[in-house]
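Peer 1: Got a structure for you, written out below as structure tokens; questions coming shortly.
Numbering (this note's numbering), first residue to last: 57 to 629.
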């Protein structure tokens with residue numbers, strides 16, 4: 057099929073000829089926030105829903121590719137010590153990527169990039185992107201090289217002290233291979249942020265789709281030659297594909313590169329100010345996952361892999377729902393916050409939360425009720441036996457209890473980011489991490505690796521509750537009563553869905569639950585029962601999506617802000 061750019065790529069936006077022009081072509085009065093009209097707010101929310109649907113669909117496709125990858129890995133390696141080494145090898149490179157250029161940099165970069173794009177033009181915006189790309193490459197090399205040299209010691213003392221000595225050596229070798237992708241992902245992350253700044257989500261959303269292809273190629277062609285190391289080489293190939301898929305969009309938006317660092321430039325320093333607390337926030341998350349791996353390495357062989365696979369399964373709906381809406385919502389929320397349109401921000405956030413609740417609750421229910429037969433259907437073949445299925449399901453069941461919290465966290469934190477507040481979520485994440493590790497230590501003895509998964513769910517639920525309370529004090533009510541009412545109705549619909557699925561599932565008796573038709577039938581009955589109950593309770597997800605897309609929230613006229621950017625005296629995320 058011939059590649060055509062025009063259906064995918066919107067026109068390059070026309071930039072204003074003068075700075076600080078409002079949407080009506082006249083400069084706003086100093087000190088008074090340019091407010092959005094109901095039509096403009098409706099347009100923002102309609103675009104949010106449409107873009108979220110596209111990004112969510114792309115993430116669903118990426119999840120499908122990830123499932124295919126995992127099926128190949130399961131058939132070849134099962135659930136054991138060798139696969140434990142493979143997943144443990146990713147923990148420190150993941151942390152380094154987060155420190156250098158993960159979601160922290162993208163989140164900090166987008167608001168500044170958008171501001172430069174609208175006030176100084178596309179050349180200044182791309183110069184900022186160039187400077188950050190160059191800084192990322194230098195930082196990645198500076199951190200990856202010593203990490204590779206020290207990898208044997210790091211594995212023995214920090215990552216997996218419970219592994220046997222030969223397994224620790226293999227983990228160190230795998231880590232060195234995985235570190236090669238850190239530089240590539242760093243460059244790709246900056247380009248994703250730039251495209252999101254143009255409100256282009258199409259090709260960046262395809263990057264997670266092509267990334268697993270590298271590992272799939274490694275599993276098919278390299279594993280027979282190099283064993284488990286072939287998978288690590290495949291991840292490097294996938295990282296290259298993650299970057300290359302964005303090139304058509306970058307060229308469309310007049311991508312330019314300069315060999316500059318511009319460390320003293322105001323725009324770079326603003327990104328750094330936003331980046332600091334946010335990278336600590338995500339760093340805390342990855343340190344928590346690293347601590348979980350450390351604890352799991354002390355349990356039976358396969359515990360690290362079981363947690364990884366259970367987490368991956370939970371992340372499918374979390375990514376399709378939470379991450380999709382979070383990524384798409386940030387530019388919209390940031391735009392509203394920049395204009396001082398707190399009413400629009402509150403209404404958009406509340407509507408998005410209602411919608412993701414309506415999607416996440418039944419997804420969590422389905423994972424708990426149908427998780428085991430689904431895992432059996434997808435993975436139980438070759439070296440992956442019934443014991444492996446049970447081990448992964450234990451982790452998945454406990455992770456699924458926190459799915460709703462993870463989804464809401466994606467949106468709530470971005471409401472802070474939009475207001476340049478990166479400190480508050482950092483403090484909440486730090487407390488959550490400490491609680492997570494403490495609970496993990498307490499629960500791993502009675503519940504094994506399932507206790508580590510449960511600790512994560514409980515900790516993130518508490519984190520979301522704290523952030524919502526703080527956000528309410530900062531920006532006012534986000535329709536809390538309406539959210540609680542929606543949550544209660546959705547919970548009732550979900551309970552009825554679970555009961556229906558259990559009745560149908562038990563009616564099957566001893567039937568072969570590895571048959572796709574049986575699993576699909578139970579899932580379909582559950583989905584239909586949920587939609588019927590939700591409709592009767594007036595919380596149908598489709599209606600909530602329409603409400604979000606078409607609500608014309610009238611902004612609060614008394615909102616005040618300075619037309620010039622603040623000097624970072626405020627808290628940020």
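All residues carry an ideal CB built from backbone N, CA and C; glycine is no exception.
Cutting at 7 Å between CB atoms, please list the residues of its own chain near residue 363, excluding the five before and the five after it.
Peer 2: So the qualifying residues of the chain are 348, 352, 451, 505, 508 and 509.
Peer 1: State the CB to CB distance for the pair residue 324 and residue 246, rounded to an integer number of angstroms; the pair is presumed to be in contact (CB under 8 Å).
Peer 2: Not a contact, Cβ separation roughly 12 Å.
Peer 1: Find the nearest neighbour of residue 401 within the set 470, 182 and 195, judged by alpha-carbon distance.
Peer 2: Closest option to residue 401, Cα to Cα, is 470.
Peer 1: Check residue 86 in the structure and name its three-state DSSP category.
Peer 2: Confidence at residue 86 is low in this model, with a pLDDT of 33, below 50, so the placement of that residue is unreliable and no value is reported for it.
Peer 1: Rounded to whole angstroms, what is the Cα-Cα separation between residue 412 and residue 377?
Peer 2: When rounded, the distance between both Cα atoms is 6 Å.
Peer 1: What are the boundary residues of the alpha helix (DSSP H) that residue 442 is part of?
Peer 2: That run of the alpha helix (DSSP H) goes 442-456.
Peer 1: Pick out the complete alpha helix (DSSP H) segments inside the stretch 190-230, 4 residues or longer, and give them in chain order.
Peer 2: For the stretch 190-230, whole alpha helix (DSSP H) runs of length 4 or above, ordered along the chain, are 207-210.
Peer 1: How do the stretch 271-288 and the stretch 124-138 stand: do at least 3 beta-carbon pairs fall below 8 Å, yes or no?
Peer 2: Touching, yes.
Peer 1: Hey, quick one: how far does the alpha helix (DSSP H) through residue 277 stretch, first residue to last?
Peer 2: Neither: residue 277 is in no alpha helix (DSSP H) and is coded neither H nor E.
Peer 1: At which residues does the alpha helix (DSSP H) containing residue 491 begin and terminate?
Peer 2: From DSSP, the alpha helix (DSSP H) with residue 491 extends over 479-503.
Peer 1: Mind checking whether the beta-carbon of residue 313 lies closer than 7 Å to any heavy atom of the ligand PLP?
Peer 2: In the structure shown, the ligand PLP is absent, as is every other ligand, since no ligand is present at all.
Peer 1: Please report the distance separating the alpha-carbon of residue 514 from that of residue 454.
Peer 2: Going from the Cα of residue 514 to the Cα of residue 454 covers about 9 Å.
Peer 1: Between the beta-carbon of residue 151 and the beta-carbon of residue 332, is there less than 8 Å?
Peer 2: No, they are not a contact pair.
Peer 1: What residues in its chain sit with their C-beta under 6 Å from that of residue 336, if we drop five residues either side in the sequence?
Peer 2: So the qualifying residues of the chain are 482.
Peer 1: Is residue 213 buried or exposed, if buried means 16 or more other CB atoms sit within 10 Å of its CB?
Peer 2: That one is exposed.
Peer 1: Return the CA-CA distance between residue 350 and residue 561, expressed in angstroms with no decimal places.
Peer 2: So the alpha carbons of these two residues sit roughly 37 Å apart.
Peer 1: Whether or not the stretch 289-305 and the stretch 234-251 are in contact is what I'm after, with contact meaning three or more pairs of Cβ atoms, one per stretch, closer than 8 Å; do they touch?
Peer 2: Enough Cβ pairs lie closer than 8 Å, so yes.
Peer 1: Taking the beta carbon of residue 539 as the centre, do at least 16 other beta carbons fall within 10 Å, making it buried, or is it exposed?
Peer 2: Flag for residue 539 reads buried.
Peer 1: Would the stretch 178-194 count as touching the stretch 260-271 if we require 3 or more Cβ pairs under 8 Å?
Peer 2: The stretch 178-194 is not in contact with the stretch 260-271.
Peer 1: Is it buried or exposed, residue 533, if we count other Cβ atoms within 10 angstroms and call 16 or more buried?
Peer 2: Its Cβ having fewer than 16 others within 10 Å, residue 533 is exposed.
Peer 1: If you follow the alpha helix (DSSP H) that residue 397 is in, where does it begin and where does it stop?
Peer 2: Element bounds for residue 397: n/a, residue is neither H nor E.
Peer 1: Helix, strand or coil for residue 524? Go by DSSP, reduced to three states.
Peer 2: Three-state DSSP puts residue 524 in a helix.
Peer 1: For the stretch 415-429 against the stretch 492-501, do three or more pairs of beta-carbon atoms, one drawn from each stretch, fall closer than 8 Å, so that the two count as touching?
Peer 2: The stretch 415-429 vs the stretch 492-501: no contact.
Peer 1: With a threshold of 7 Å on Cβ separation, who are the neighbours of residue 585 within its own chain once the five nearest residues in sequence on each side are excluded?
Peer 2: If we look at residue 585 and ignore the five residues flanking it on each side, its Cβ neighbours are 552, 553 and 556.
Peer 1: Verify whether the separation of the beta carbon atoms of residue 516 and residue 465 is less than 8 Å.
Peer 2: Yes.
Peer 1: Give the secondary structure of residue 169 by DSSP, where H, G and I count as helix, E and B as strand, and everything else as coil.
Peer 2: Looking at residue 169 - three-state DSSP - the assignment turns out to be helix.
Peer 1: Residues in its own chain within less than 6 Å of residue 181 by CB, not counting five upstream and five downstream?
Peer 2: Cβ within range, chain order: 169, 172 and 173.
Peer 1: Within 10 Å of its beta-carbon, does residue 207 have 16 or more other beta-carbons around it, so buried, or fewer, so exposed?
Peer 2: Buried, by the Cβ-count rule.
Peer 1: Give the secondary structure of residue 241 by DSSP, where H, G and I count as helix, E and B as strand, and everything else as coil.
Peer 2: Note: residue 241 maps to helix in three-state DSSP.
Peer 1: For the alpha helix (DSSP H) containing residue 371, list its first residue and its last residue.
Peer 2: Residues 359-373.
Peer 1: With distances taken Cα to Cα, identify the nearest neighbour of residue 119 among 365, 256 and 142.
Peer 2: Cα-wise, what sits closest to residue 119 is 365.
Peer 1: With distances taken Cα to Cα, identify the nearest neighbour of residue 425 among 580, 437, 253 and 228.
Peer 2: Checking every option, the nearest Cα to that of residue 425 belongs to 580.
Peer 1: What do you get for residue 609, buried or exposed, if any count of 16 or more other CB atoms within 10 angstroms of its CB means buried?
Peer 2: At residue 609 the pLDDT is 37, less than 50, meaning the model places this residue with poor confidence; the figure from the coordinates comes in the next sentence. Buried, since its Cβ has 16 or more Cβ neighbours within 10 Å.
Peer 1: Taking the alpha carbon of residue 330 as the reference point, which residue from 286, 477 and 422 has its own alpha carbon closest?
Peer 2: Of 286, 477 and 422, the residue nearest in Cα terms is 477.
Peer 1: Helix, strand or coil, according to DSSP, for residue 132 in the structure here?
Peer 2: It is helical.
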